[in-house]
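Inspection log for the structure reproduced underneath, given as structure tokens.
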Amino acid sequence: MLRLLLVFCLSFLPLSSWSTNLDDIRAHEPSSRVTWAEQWFYNVAAPGIGYFKISFQTYIAPDSVDGQEKAYMHLAFTPLQGATVKYDLFYDEVILEHPTKADAFYYEVPGIIVADEEQISVTHEDFAFSLAWDGPHTRYWGGLNPGQTPFGIIPELPGVGGKWFLYTVTTPVQYSFDDGVQRWSGPGYAQVDKGWYDKESSAGMMYTMGLSDEVAFMFTGAVFGDSSVEMWAGRYVSDNYDLVFYPAFKGLSVKREIDACAGELHVELNKIGKKLVLDARAAPESFYLLNFPSVIIFGGEQNYMKSMKAEVDFNLYHLGELKETIHLPQALLEFSGPFACSQLPD
């Protein structure tokens, strides 16, 4: 109990020399030349059209001959109506140093993808995708360190594992996508998160996020390291409310129920005077499995099941009185490890 109390108190420390920060959007020197993964995740909502998930990564696999980073890119597009289109691409060459700004974020696979702090451009023989910021970022935290992980400094503690943070909760963007069959472009919203680690960073997680003209949110629950402690954190931004839910233990200020095989998640989060009730549900057939890097790089059995066709309902209460109800027809929902459904098809 004393250990849990210590971890809980540490999670509220606003600043630390070992905390993540916005500069961590840049690539890092691998902490292992045997196993390594560094991941940039862009979730893009095109209201009324669909969701894009763009992830580009560096990795070092156990069978690597030279211990140098290689590149992996994942792009998935799920229209509001229709089937998911998905690409998984691997490349041997990746450039992580900006050609003119030594300290700036940069990721390039020559002839395929260029990403920096302002835009992404992907040109592949099967599709083209681009994204550029079109407004201010909404960071996860206020204060002096807006790039601190949602779980405070808990991910920095010994034995916990990798590092992860949100670069932006929501940012207006202009995007374009063309695969020869579908062609979309226009305004949207993006949420960007980043992680890097040389071993599996959690023992399992639940994750949901969504972006629309009405609301932007991210909520996640995870079991850290080799513990059995499940913690939750998240952010909810609407026209009338802007709420950060500090790291909290399941069973205290957080209640949750999941049925991953039915594609359902119910979470109740409490803070002083307020309660937020989240209900997310996605058809089981809308989920797809992803085992990179958890299985391929780290040799584990922690599959990730992901859907970009979740419906989400929010009910926000203040002093027991219902103040706000919001419905999203499309959002992201993920489960991994022991929280994932073992019965989904590959």
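For the sequence shown, the residue numbers in our numbering are 47 to 392. Idealized CB from N, CA, C, for every residue including glycine.
When DSSP states are grouped into helix, strand and coil, Phe333 belongs to the coil group. Per DSSP, the unbroken beta strand (DSSP E) holding Phe360 starts and ends at Tyr350 to His364. Excluding sequence positions up to five before and after Glu357, its CB lies within less than 8 Å of the CB of Ala326, Arg327, Ala328, His373, Leu374, Pro375, Gln376 and Ala377, all in the same chain and listed in chain order.
Residue burial is scored here from C-beta neighbours: Val80 has fewer than 16 other C-beta atoms within 10 angstroms and is therefore classed as exposed.
A check of alpha carbon separations from Asp70 across Met277, Arg281 and Gly241 identifies Gly241 as the nearest. In terms of Cβ geometry, Arg185 and Leu257 do not form a close pair [threshold 9 Å]. As a beta-bridge residue in DSSP terms, Phe291 pairs with Gly280. 9 Å or more divides the Cβ of Tyr221 from the Cβ of His170. Distance from the CA atom of Gln165 to the CA atom of Leu135, rounded to whole angstroms, is 20 Å. Judged by DSSP secondary structure, Trp86 falls within the beta strand (DSSP E) whose first and last residues are Trp82 to Ala92.
Following the DSSP letters along the chain, one finds Glu303 inside the beta strand (DSSP E) bounded by residues Val300 to Asp305.
Rounded to whole angstroms, the separation of the alpha carbons of Gly309 and Ala262 is 21 Å. Closest in C-alpha terms to Gly189, from the list Ser382, Leu298, Glu75 and Val290, comes Val290. With a beta-carbon spacing of about 7 Å, Pro233 and Asp180 fall inside the 8 Å limit used to define contacts. Shown here, Ala174 sits in a strand according to DSSP, grouped into three states.
Nearest neighbour of Gly383 by Cα position, chosen from Met251, Asn286 and Leu322, turns out to be Met251. Under the criterion of beta carbons closer than 8 Å, His144 and Asp162 qualify as touching, at roughly 7 Å. Comparing C-alpha distances from Thr214 to each of Pro192, Leu142 and Phe151 shows the shortest one belongs to Pro192. Linking Met119 to Val140 through their CA atoms gives a straight-line distance of about 11 Å.
A direct Cα-Cα distance of roughly 11 Å separates Trp230 from Phe123. Considering only Gly96, Asp224 and Leu322, the residue with the shortest C-alpha distance to Glu367 is Leu322.
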